[in-house]
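Notes follow once the structure below has been shown.
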Amino acid sequence: MSAAGSASQVAKRKNFNNSEKEEVIRHLLTGSKNGVLPYGAFKAAAEKFGCHWETNKRLWRRYDTQHKAGVSSPQLANRRNGNSGRKGVPIEELRERLRDIPLNDRTTQRRLAAALEIPLTTLHKNLKALGLRAHSNAIKPYLTDAENTYKLPHLGKDKAARGGAPIPRRYEISEDAWIRGSAALSTGEGQGAAV
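If you count the sequence shown from 1, position 100 lands on 194 in my numbering, and the numbers rise without skipping.
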């Protein structure tokens, strides 16, 4: 496997903490000559620290510009302090609003999302957190005997067999062979006697 193939299989890290950033810079400084890095230094550091080589290049560029500007100790700290990132959906507030929505507006996800005034995708992602599941109030009627024989003829036969009535025969067969065949099948001796 080539070096490029092995580098692409390294687990990539999303963010470094401050001490890891300083460690990357120290590693790059040991390989530099007069502030210039040799060819492949970013890639070697990426393989060592498990990140993308451009991450190391970006760190080095920040360090180098501050160092050339005369800053004695360049700041590489994370610039995203405090609560950062996308804010979550207020689930409790949505639950309260959900109770006030009439049933007619809760029948489909699209109507429910419109009633809650949130995107359908947001609703879909938070269905489990909201405690929602598919439910139907529709009553399914049982099949009558007429529908049973028309749609599912085999069920009528099974119903007769369970009730003790004899199973209707499809082929002409003598009574003796019929009884022996049934007995052989019930004991598992084979396929029964043939006449």
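Quick reminder that beta carbons are idealized off the backbone N, C-alpha and C, glycines included.
Between the Cα of residue i and the Cα atoms of the options, which residue gives the shortest distance?
i, options, result
"R152", "E187, E186, R204 and F110", "F110"
"H218", "N112, V183, P235 and N177", "V183"
"S113", "F143, A138 and L221", "F143"
"K137", "V130, G129 and H146", "H146"
"S230", "L197, S178 and W154", "L197"
"L221", "Y236, T149, R200 and I233", "R200"
"L131", "K115, R155 and E141", "R155"
"T159", "P213, G129, T216 and K115", "G129"
"I212", "N150, I185, Y133 and E148", "I185"
"K181", "Y133, Y236, K234 and T216", "T216"
"T149", "K162, K115, L214 and R205", "K115"
Between which two residues does the alpha helix (DSSP H) containing residue i stretch?
i, result
"Y157", "W147 to K162"
"S166", "No alpha helix (DSSP H) contains S166, which DSSP labels as neither H nor E."
"F143", "A135 to F143"
"G176", "Counting along the chain, G176 falls outside any alpha helix (DSSP H), and DSSP gives it neither H nor E."
"S113", "N112 to G125"
If residue i and residue j are in contact, beta carbons under 8 Å, what's the gap, nearest whole angstrom?
i, j, result
"A209", "I195", "5 Å"
"A140", "G125", "That belief does not hold up - the Cβ atoms of A140 and G125 are roughly 13 Å apart, past 8 Å."
### Query
At which residue ranges does the stretch 178–252 contain complete alpha helix (DSSP H) runs of 4 or more residues, listed in the order of the chain?
Fully enclosed alpha helix (DSSP H) runs of 4 or longer: 185–194, 203–210, 214–219, 221–224 and 239–245.
### Message
Count Cβ pairs between the stretch 166–182 and the stretch 109–123 that sit closer than 8 Å; are there 3 or more?
### Response
When C-beta atoms of the stretch 166–182 are compared with those of the stretch 109–123, three or more pairs fall below 8 Å, so the two segments count as touching.
### At least three beta-carbon pairs within less than 8 Å, the stretch 185–196 to the stretch 219–229
Short answer: they touch.
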